[in-house]
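Visitor:
Numbering (this note's numbering), first residue to last: 1 to 216.
1. Less than 8 Å between the CB atoms is what I'm expecting for residue 175 and residue 135, so what's the real figure, rounded?
2. Under DSSP, the alpha helix (DSSP H) around residue 206 begins and ends at which residues?
3. Starting from residue 139, trace the alpha helix (DSSP H) in both directions and tell me its first and last residue.
4. For residue 191, count neighbouring Cβ atoms within 10 angstroms of its own Cβ and tell me buried if that reaches 16, exposed if not.
5. Buried or exposed: which applies to residue 124, given that a residue is buried once 16 or more other Cβ atoms fall within 10 Å of its Cβ?
6. What would DSSP say about residue 61, mapped onto helix, strand or coil?
7. Distance, Cα to Cα, residue 44 vs residue 55?
8. Taking residue 25 as part of the alpha helix (DSSP H), name the residues at either end of that continuous run.
9. Have a look at residue 113 and residue 71 and give me their C-alpha separation to the nearest angstrom.
10. Is residue 85 buried or exposed, if buried means 16 or more other CB atoms sit within 10 Å of its CB?
11. Can you tell me whether residue 153 is buried or exposed, with buried defined as 16 or more other CB within 10 angstroms of its CB?
12. Whole angstroms is fine: what's the gap from residue 128's alpha carbon to residue 21's?
13. Counting along the chain, where does the alpha helix (DSSP H) carrying residue 103 start and finish?
14. Looking at residue 93 and residue 203, is the spacing between their C-beta atoms short of 8 Å?
15. Classify residue 247 as buried or exposed, calling it buried when 16 or more other Cβ atoms lie within 10 Å of its own Cβ.
16. Which of the three DSSP states, helix, strand or coil, is assigned to residue 8?
17. Cα separation between residue 4 and residue 16?
18. Taking the Cβ atom as the reference point for each residue, do residue 69 and residue 119 lie within a distance shorter than 8 Å?
19. In its own chain, which residues sit with a C-beta less than 6 Å from the C-beta of residue 73, not counting the 5 before and 5 after it?
20. Since residue 60 and residue 205 should fall inside the 8 Å C-beta cutoff, what is the C-beta to C-beta distance between them, to a whole number of angstroms?
21. What does the alpha-carbon distance come out to for the pair residue 89 and residue 58?
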């Protein structure tokens with residue numbers, strides 16, 4: 001199915017700074033989420049030999065990026081929830097847009113939102129020192145003879161330090177998401193990436209149609 005496109009007049013949106021601040025930030029979040037999701041699908045379905053060798057790390061990286069951007073988008077929803085004026089702006093939208101907003105606003109009070117915060121702060125835009133060392137020590141204890149390649153090369157994907165992926169995998173899957181050790185890492189990563197799908201879809205639905213309602 002093709003895209004449905006229309007033009008937005010910049011000066012018209014700029015006339016209402018409060019609405020513009022929400023619409024623009026939602027645009028930024030949706031653009032970033034879209035790119036991260038596309039890349040995630042590419043790594044999930046890749047036939048490229050080099051990517052295949054780094055598939056788990058690639059999928060989890062773009063999954064982490066997607067979740068981090070969703071977290072930033074949810075902060076915009078939180079801003080709306082705290083503003084009577086912006087709540088009225090949501091109420092002017094169609095019923096499905098309002099329903100999606102309510103679903104996302106409810107998520108802000110859930111334990112899973114706290115997990116998103118940890119993903120964003122400790123494993124996406126920052127590299128947490130304590131979690132990294134703890135994950136390393138856990139790997140060393142569980143697999144005392146574990147070794148990992150350190151590779152340099154001529155192309156970007158040739159530069160690969162597998163132990164870094166192992167540590168991030170453990171940080172996200174075992175520490176942040178608390179997935180049991182009995183579950184294989186590949187299955188655990190897939191579960192992590194799909195766990196927040198329903199909420200992310202609701203956010204995208206709200207953001208897209210809210211933008212369309214006010215960007216004219």
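We treat Cβ as the ideally placed atom computed from N, Cα and C, and that holds for glycine.
Guide: On the basis of the data shown:
1. Along the chain shown, one-based indexing puts residue 175 at 175. Along the chain shown, one-based indexing puts residue 135 at 135. Confirmed, Cβ separation roughly 7 Å.
2. Within the chain shown, residue 206 is the residue found at index 206, counting from 1. Counting along the chain, the alpha helix (DSSP H) containing residue 206 begins and ends at 197 to 214.
3. Stepping through the chain shown from its first residue, residue 139 is reached at position 139. DSSP places residue 139 in the uninterrupted alpha helix (DSSP H) bounded by 129 to 142.
4. Stepping through the chain shown from its first residue, residue 191 is reached at position 191. Exposed.
5. As a working note, residue 124 is residue 124 in the chain shown. Buried, since its Cβ has 16 or more Cβ neighbours within 10 Å.
6. Along the chain shown, read from residue 1 onward, the residue named residue 61 stands at position 61. Note: residue 61 maps to helix in three-state DSSP.
7. Taking the first residue of the chain shown as position 1, residue 44 is located at position 44. Taking the first residue of the chain shown as position 1, residue 55 is located at position 55. Pairing residue 44 with residue 55, the inter-Cα distance amounts to about 7 Å.
8. Looking up residue 25 in the chain shown gives position 25. Residue 25 -> alpha helix (DSSP H) spans 17 to 45.
9. What you label residue 113 is simply residue 113 of the chain shown in a count that begins at 1. What you label residue 71 is simply residue 71 of the chain shown in a count that begins at 1. Answer to the nearest angstrom: the Cα atoms are 8 Å apart.
10. Along the chain shown, one-based indexing puts residue 85 at 85. With fewer than 16 other Cβ atoms within 10 Å, it is exposed.
11. On the chain shown, residue 153 is found 153 positions in, with the first residue counted as 1. It counts as exposed.
12. What you label residue 128 is simply residue 128 of the chain shown in a count that begins at 1. What you label residue 21 is simply residue 21 of the chain shown in a count that begins at 1. Spanning the two alpha carbons is a distance of roughly 31 Å.
13. For the purposes of this step, residue 103 is taken as the residue at position 103 of the chain shown. Unbroken alpha helix (DSSP H) run through residue 103: 95 to 107.
14. On the chain shown, position 203 is the one that residue 203 refers to. On the chain shown, position 93 is the one that residue 93 refers to. The Cβ atoms of residue 203 and residue 93 do not sit closer than 8 Å to each other.
15. The structure shown does not extend to residue 247, since the chain is modelled only from 1 through 216, so no value can be given for it.
16. Within the chain shown, the letter at position 8 stands for residue 8. Of the three classes helix, strand and coil, the one that applies to residue 8 here is coil, per DSSP.
17. Here residue 4 refers to the residue found at position 4 when the chain shown is read from its first residue. Here residue 16 refers to the residue found at position 16 when the chain shown is read from its first residue. About 25 Å.
18. In the chain shown, counting from the first residue as 1, residue 69 sits at position 69. In the chain shown, counting from the first residue as 1, residue 119 sits at position 119. Not a contact, by the Cβ cut-off of 8 Å.
19. Counting from one through the chain shown, the residue named residue 73 turns up at place 73. Hits under 6 Å: 29 and 203.
20. Counted from its first residue, the chain shown places residue 60 at position 60. Counted from its first residue, the chain shown places residue 205 at position 205. With 8 Å as the limit, residue 60 and residue 205 do not qualify as a contact, their Cβ atoms being about 25 Å apart.
21. Reading the chain shown from its first residue, position 89 is the one you call residue 89. Reading the chain shown from its first residue, position 58 is the one you call residue 58. The straight-line gap from Cα to Cα measures roughly 39 Å.
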